[in-house]
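These protein sequence lines are chains A, B, C and D, in that order.
Here the first sequence is numbered in our numbering, starting from 1 and rising by one per residue.
Here the second sequence is numbered in our numbering, starting from 1 and rising by one per residue.
Here the third sequence is numbered in our numbering, starting from 1 and rising by one per residue.
Here the fourth sequence is numbered in our numbering, starting from 1 and rising by one per residue.
Number of protein chains: 4
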Amino acid sequence: MANYFNDIAPIEFEGPDSTNPLAFKHYNAKEKVLGKTMEEHLRFASCYWHNFCWDGADVFGGPTFNRPWLQSGDAMERAKQKADVAFDFFSKLGAPFYCFHDVDVAPEGDTVKDYVNNFAKMTDVLATKQEETGMKLLWGTANVFSNPRYMSGASTNPDPEVFARAATQVFHAMNATHKLGGENYVLWGGREGYETLLNTDLKRERNNLGRFMNMVVEHKHKIGFDGLLLLEPKPQEPTKHQYDYDTATVYGFLKEFGLEKEFAVNIEANHATLSGHSFHHEIATAFALGIFGSIDANRGDPQLGWDTDQFPNSVEEMTLICYEILKNGGYTSGGFNFDTKLRRQSIDPADLFHGHIGGMDTCALGLKKAAAMIENDFIDNAKSKRYQGWETDFGSKVANGDYTLESLAQYTEQQNLDPKHVSGQQEMLENMVNNTIFR
Amino acid sequence: MANYFNDIAPIEFEGPDSTNPLAFKHYNAKEKVLGKTMEEHLRFASCYWHNFCWDGADVFGGPTFNRPWLQSGDAMERAKQKADVAFDFFSKLGAPFYCFHDVDVAPEGDTVKDYVNNFAKMTDVLATKQEETGMKLLWGTANVFSNPRYMSGASTNPDPEVFARAATQVFHAMNATHKLGGENYVLWGGREGYETLLNTDLKRERNNLGRFMNMVVEHKHKIGFDGLLLLEPKPQEPTKHQYDYDTATVYGFLKEFGLEKEFAVNIEANHATLSGHSFHHEIATAFALGIFGSIDANRGDPQLGWDTDQFPNSVEEMTLICYEILKNGGYTSGGFNFDTKLRRQSIDPADLFHGHIGGMDTCALGLKKAAAMIENDFIDNAKSKRYQGWETDFGSKVANGDYTLESLAQYTEQQNLDPKHVSGQQEMLENMVNNTIFR
Amino acid sequence: MANYFNDIAPIEFEGPDSTNPLAFKHYNAKEKVLGKTMEEHLRFASCYWHNFCWDGADVFGGPTFNRPWLQSGDAMERAKQKADVAFDFFSKLGAPFYCFHDVDVAPEGDTVKDYVNNFAKMTDVLATKQEETGMKLLWGTANVFSNPRYMSGASTNPDPEVFARAATQVFHAMNATHKLGGENYVLWGGREGYETLLNTDLKRERNNLGRFMNMVVEHKHKIGFDGLLLLEPKPQEPTKHQYDYDTATVYGFLKEFGLEKEFAVNIEANHATLSGHSFHHEIATAFALGIFGSIDANRGDPQLGWDTDQFPNSVEEMTLICYEILKNGGYTSGGFNFDTKLRRQSIDPADLFHGHIGGMDTCALGLKKAAAMIENDFIDNAKSKRYQGWETDFGSKVANGDYTLESLAQYTEQQNLDPKHVSGQQEMLENMVNNTIFR
Amino acid sequence: MANYFNDIAPIEFEGPDSTNPLAFKHYNAKEKVLGKTMEEHLRFASCYWHNFCWDGADVFGGPTFNRPWLQSGDAMERAKQKADVAFDFFSKLGAPFYCFHDVDVAPEGDTVKDYVNNFAKMTDVLATKQEETGMKLLWGTANVFSNPRYMSGASTNPDPEVFARAATQVFHAMNATHKLGGENYVLWGGREGYETLLNTDLKRERNNLGRFMNMVVEHKHKIGFDGLLLLEPKPQEPTKHQYDYDTATVYGFLKEFGLEKEFAVNIEANHATLSGHSFHHEIATAFALGIFGSIDANRGDPQLGWDTDQFPNSVEEMTLICYEILKNGGYTSGGFNFDTKLRRQSIDPADLFHGHIGGMDTCALGLKKAAAMIENDFIDNAKSKRYQGWETDFGSKVANGDYTLESLAQYTEQQNLDPKHVSGQQEMLENMVNNTIFR
Ligand SMILES: [Co+2]
Ligand SMILES: [Co+2]
Ligand SMILES: [Co+2]
Ligand SMILES: [Co+2]
Ligand SMILES: [Co+2]
Ligand SMILES: [Co+2]
Ligand SMILES: [Co+2]
Ligand SMILES: [Co+2]
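So this is what it looks like as structure tokens:
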């Protein structure tokens, strides 16, 4: 089992002309782009759950993957074997970070005490693994959606004891994340939502969610955790409607409960598109609202209405994402996490590497193309020119509140204002982006 | 022209057994339901624009309707003829309210002065018409999206002079609405959004939109208008993305600019579904957030991705809408407006009546069925039982903030909490709703 | 286990005023509608799989249902217990039919021989159960999508040995269906499709699918099975694209392989909407193409992009479905099957009954409302009037091919034809439907 | 007017390093790729309608473009001016082909005779223009959807006289296309569909559509037109449902009426995605069914549910399209037509060039990348290996019909077949595509 990936050597950068499928063509960790290494810019992380806890089952069929560590034996033993395999993979891949849920790494056991003990032991195992391999933790989180007790939500459950069980998991997961030097802590409200409005008290559930998030903030400060707290929006699936629908919805929630300075968002590409937005839109909106945090880079399928969590493979899309991030100063503690699932038919050990290599090369290309866009910043120039009226005396006064509706109407009538419409030049700008990508 | 609807007599209530297509089967204005008349509950309004300004053209074809008042002649003359026809229709239909945009009722003219003069004259015409017919104005609004000058937005336009032109229209439209006794004022940001992020400064446009809305609030108070200010969410169309995407997004916007006590939402059924939500969801969310205002009852087609603005015809859906409204105390100044378009093939004068009669009967049935649900409120009972844990001592403490994450984790571990999951009974509740509707 | 439903008595018809949730309000099996009993019209069936093989797990969480017969013990013993519970449920519900997949009722075992033996034994068990309870089999089918060997398709698998394994299952499932007096045999190509075109030979897979279906036809005739062979369209899920996308696509496939007289379609409401069509559209299209067979009545959620398989609860929709079926002569060997899943939170034994009762009452109401529509057939009248031109001498000649493009152009020019457009009266017809439903 | 594009010089190829927005970076007409010039491979066409007949109006607003030739004056005069401007544009752009509808180029007039005369005159004008400029006609078509008479369909209209008017237009448009040396003739059934099933006789309309298409085939042979007849699928918009929904649906229709050897499809990227398919899927399906003809390259917006008809700008997508076409032997008489609309805000004359230049460069890059894929055909290799079992003796026998269901089941049981599942390698193949594109 420890030898699950024995046939696979650590992945190296071999450049675009390499035909070795198990090598990077574009991701060269130490190569500098705009003054920082790719590794520092991109801050890649792999995930524990889809890679090491999922067996390939879907709603219409059973396990297709051969994952020996998921099979019979003592639960703690299996958890340790899983950690061995996971860190072997992480190290060979060469992404600097990983991410986990509490119950990915430790068995839940039969009682809350089992849970606490198992998780504590496995936290020590992870600490040792981190030391041995140099891997770092991008973020930790608690899975408060898989156990049947959470079928009707965690902090939004009709039963306060379920809220309490969820609080217990988040308490321990935050502590473990802090102990392991995690750079962020994530909350994804997997079942914080509803199946039907007929049995749902929206206002109460929202208030309880607000209370829970305030408890998380208080605890963060109490333990001195200085990473970001991140909410991960998703519109639906598994539930019909989830409260953290998209970035704009999360922003409203944060404002309602006075949390907008305490939380940022972890934006997933696939959740963006499920919510009716482009991935780019969600990133740009998060920056505009001041709540950008981190990214789950996994994409969806444009024709499918569920979360396929595929590896990113569009350089065209990723270039705009990287441009947006670079323009806004880059990641602070966030990074590109791969919350990615292999296709269920990709059953070979090597497939796990293929997926990640492709995803990392896609992001690396996106970064390089975005850097080229910034070096000749036609986007910025076009925007400056387009909005220049707002930098005039009149524009500034309007923006700054020097006019009332009435005084502005009077001005308009007196001046007989008749502004002309001006081309938005969308096609030309799209061409210029492509000309940068395909040079 | 004044005789356009001459063949059609005022619409009367004839009851469910009537086979007269030009009669109400269920809407009986003076019939009491839960202590108020249907008219008082439902507060129906017809719109000026789709009914009297649209000629039946769509993107792939020209006018199909014969609307004499849209054809050649002096613009003010045509505007007056349009008013004659419109009020003839309104009166015969028997809905107590109507709604309009400034440029629906008056010609824009060539200059801003023309606009102001024409609109002032037509406001007087409308005042006279209201007096003659007893019609009331549910809300007024300004069309700041059709003129080419608004192609890149109104208050979010790159050009501050366009902002100023929009302010001028809104200034006059608010004044006219106030003068005509309008009960609300609506803002729909038809092109307040973007076509491409490549040429868009999201943050600046958002700030300008915030400034504009604050100007509207100031003006409202200045003129002593005491109706509601309403924002109408729509996710996209005509633009790729609109800033007032859905109710939750509008809420976040209002909170950002300190406007959440000054604005409510005008929820359109078709806009709800275009944004990925059920109509019911948008209504329930607006109430949960304290920003419910009014409704545009027009629905979409479940298979189509654009705004078809069809007349509501699902009693099953409308029953839940009416239940939600009744449970929350009913409309204050809002009402059910029909922002509805005939199908382009429905070219007969009578078709305008068929559409409205069907829509009004659908709402009337929804109201009666909802009243029956409230008389035996199994929904309320089911919710009370489901959330009863939150009314216990422990539940209240959790909700009220008496626990920290840590103290709640300690309690959970000490008590070895192991809550059981309980059926959500969705199917049974759905059956009970149907049993009420089909009794 | 045999006592799983002991608390529940057989479901009786108690009429619309009953408040007993475990009674029919509208489905009265022996009540006559248009000369046949409801039971004869509706031909209800329950399914084995979602009701008795599913444990409540979804992609994000584990089992929520307590299904003792799915738990540990000898596989054949468990299969027999499952059959006991299933037939207890079927009998108490009072639907005359059931449906199953081979592996729902018998353990697959380790080898193909195990499979054959287990299935043969369980077929005998089912025969006995049918005799004891009077239950009949609406259709049987083979599950050739859940076992990992089918991950890349069954008859469209890249490996012909997988095709052979699938053929073996279908051979035995057809024989069992025939032996049990099944009235139809269904094929749902769960993974007959592709995940990516990059590794897919569309033409070869299509040909293999065609060959497989021809083998099925040959076998049907060989064994003298005289029920319908049914293909069940579904556009996607589990795979990205499925070859039996929708009714029109299936029709093209059948025509290509000369099968259009041998197969009909089993239309599922949820699959219709996933493919971008209304449920009504799929039914009407199947009749227009002469390939209507049977129905899976389970609906989707209008906001969700996956197969939720919910119980039907819209009488408004079901009325049009029943109208279409009645107008076309009713079911022959098909019926309304409930390929329905409980919501994952509906964990009580009674919930299985609530779901089915609601679904059956919805269909029963749909049937009665449709019968009322037929008694005063305004739809038929409107269509006759609308197309009357095609019954004239000129219309008949055009339709029958008496004109060429040229001679018709000449006629048009000579006659200077200038046809006027006529109202489609959609709103009025929609009102008339509602007036029939809500009388 | 003839000087509308005076500021713009003919577009030249300047290579990827050019920063001139009005130059090709990748489309080099005479450059050879796999033995043919780019011009011969790509066979670009511009369209008359969106470029020269549309004024920028959308459903929510009026004209934004300044198109002098659409404004007042004698209709035939304006048509000639339009032709001047159009051919000036076509010539400067350097695409070898154009496409038109009858009513794009000639005024409809008041009577059918006017139509015939005007169209005849303008056909002569076009012939002269073609001669002067060297432009060729990729295809012609008739617009039988914009005039109000077609609001309920053309060949599927309830009124046979409308069928006759449509036949007249198609008769003349086919003749004109033939006369102008057009290489194909296209039929897009803009309103051949329904708004509501309540007033629609599906079977009759389908039969009339079938009759119409047979008339078209007969006429083609009669006049000796040897180009392809092309049907353009579209699922909806303007109507709720269109009969030519997608390629698979069209195939079924053609088979029903014995037309599958007479028609091919003109696949539009945006129509593909509106119908729930990828553009690639539609192309691959058309080749698999033997009905591929030509392409409208205009794409949609992934978040919008209507036909935005944008210029193609994804090289990643276009590479797979070009690969599919090259593998199947390239275009015969078809080509890449731009049925593209400028964004409504792109109001400058230069914007028309920007859009087309970007689209042509995108296709040119796609072609070159596809050629590189074919030179090292890992896709073909992967497929050969994946399906190799079907080339064995056993596989061939199964595919060729040497087994019955029974004999194959017997073989499976005797051999105790237990095939193993094998990785589909999707991620690796996706990486290899990207490695080819970004080298
Ligand atoms: Co994620
Ligand atoms: Co996801
Ligand atoms: Co509206
Ligand atoms: Co609307
Ligand atoms: Co289904
Ligand atoms: Co089904
Ligand atoms: Co199109
Ligand atoms: Co097209």
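We put the CB at the ideal spot given by N, CA and C, even for glycine.
This one's a predicted model, so the numbers in the text were calculated from it and none came from an experiment.
Beta-bridge pairing by DSSP links Ser46(C) to Tyr98(C) and Phe338(C).
Interface criterion not met: the Cβ of Arg211(A) is under 9 angstroms from no Cβ in chain C.
DSSP places Asn184(B) inside the beta strand (DSSP E), whose first and last residues are Asn184 to Leu187. Asn266(D) has its CB nearer than 8 angstroms to a heavy atom of ligand 8. When the beta-carbon positions are compared, Pro235(D) and Ser275(D) come within less than 9 angstroms of each other. Its Cα nearest to that of Gln242(A), the residue Thr156(A) stands out among Phe338(A), Thr156(A) and Glu406(A).
Fewer than three Cβ pairs drawn from the segment 380 to 394 of chain D and the segment 341 to 354 of chain D lie within less than 8 angstroms of each other, which leaves the two stretches out of contact. Trp306(A) has its CB no nearer than 8 angstroms to any heavy atom of ligand 1. For the set Leu138(A), Gln414(A) and Asn435(A), the Cα lying nearest the Cα of Thr168(B) is the one of Gln414(A). Here Ala57(D) carries a coil assignment [DSSP, helix/strand/coil].
Between Ala79(D) and the set Asn66(D), Val125(D) and Glu39(D), the nearest pair of CA atoms involves Val125(D). At a cut-off of 9 angstroms between beta-carbon atoms, Pro96(B) makes no contact with chain C. For the segment 290 to 315 of chain C, the set of residues with a beta-carbon nearer than 7 angstroms to any beta-carbon of chain B comprises Pro302, Gln303, Phe311, Asn313, Ser314 and Val315, in chain order. Judged by pairs of C-beta atoms under 8 angstroms, the segment 282 to 295 of chain D touches the segment 265 to 272 of chain D, as three or more such pairs exist.
For the 9 angstroms CB-CB criterion, Phe60(B) and Arg191(D) form a contact. Counting only runs that start and end inside the segment 138 to 201 of chain A, the alpha helix (DSSP H) elements of at least 4 residues fall at 160 to 179. Here the C-alpha atom of Asn143(C) lies approximately 32 angstroms from the C-alpha atom of Leu367(C). Secondary structure at Arg67(B): coil, using DSSP grouped into helix, strand and coil. Short note on Asn270(B): C-beta closer than 8 angstroms to some heavy atom of ligand 4. The alpha-carbon separation between Gly181(C) and Trp139(C) amounts to approximately 9 angstroms. A direct Cα-to-Cα measurement between His178(D) and His172(D) gives close to 10 angstroms. Near chain B, meaning a CB-to-CB distance below 9 angstroms, no residue of the segment 99 to 120 of chain D qualifies.
Between Ala372(D) and Thr436(D), the CB-CB gap stays under 9 angstroms. Contact annotation: Phe5(A) and Met360(A) have beta-carbon atoms that are not nearer than 9 angstroms. A direct Cα-Cα distance of roughly 7 angstroms separates Ala399(D) from Trp390(D). When the beta-carbon positions are compared, His26(C) and Tyr331(C) stay at least 9 angstroms from each other. For Gly15(D), same chain residues with a beta-carbon under 7 angstroms away, outside a window of 5 residues either side, are Lys25 in chain order.
At a beta-carbon threshold of 7 angstroms, none of the residues of chain D lie near Phe89(A); the nearest stands roughly 15 angstroms away.
Under the 8 angstroms Cβ criterion, the segment 191 to 202 of chain A does not count as touching the segment 159 to 166 of chain A, having fewer than three qualifying pairs. For Asp58(D), the chain B residues whose Cβ falls inside 8 angstroms of its Cβ are Val59 and Pro238, in order along the chain. Counting every other CB atom within 10 Å of its CB across the protein chains shown gives Ala9(A) a total below 16, marking it as exposed. Between Tyr251(B) and Leu289(B) the beta-carbon gap is near 5 angstroms, inside 8 angstroms, which marks them as a contact.
Interface annotation, Ile379(D): in contact with chain C, CB-CB separation under 9 angstroms.
Looking at the DSSP output, Ala297(D) shares a beta bridge with no other residue. Rounded to the nearest whole angstrom, the C-alpha separation of Asn376(A) and Phe90(B) is 59 angstroms.
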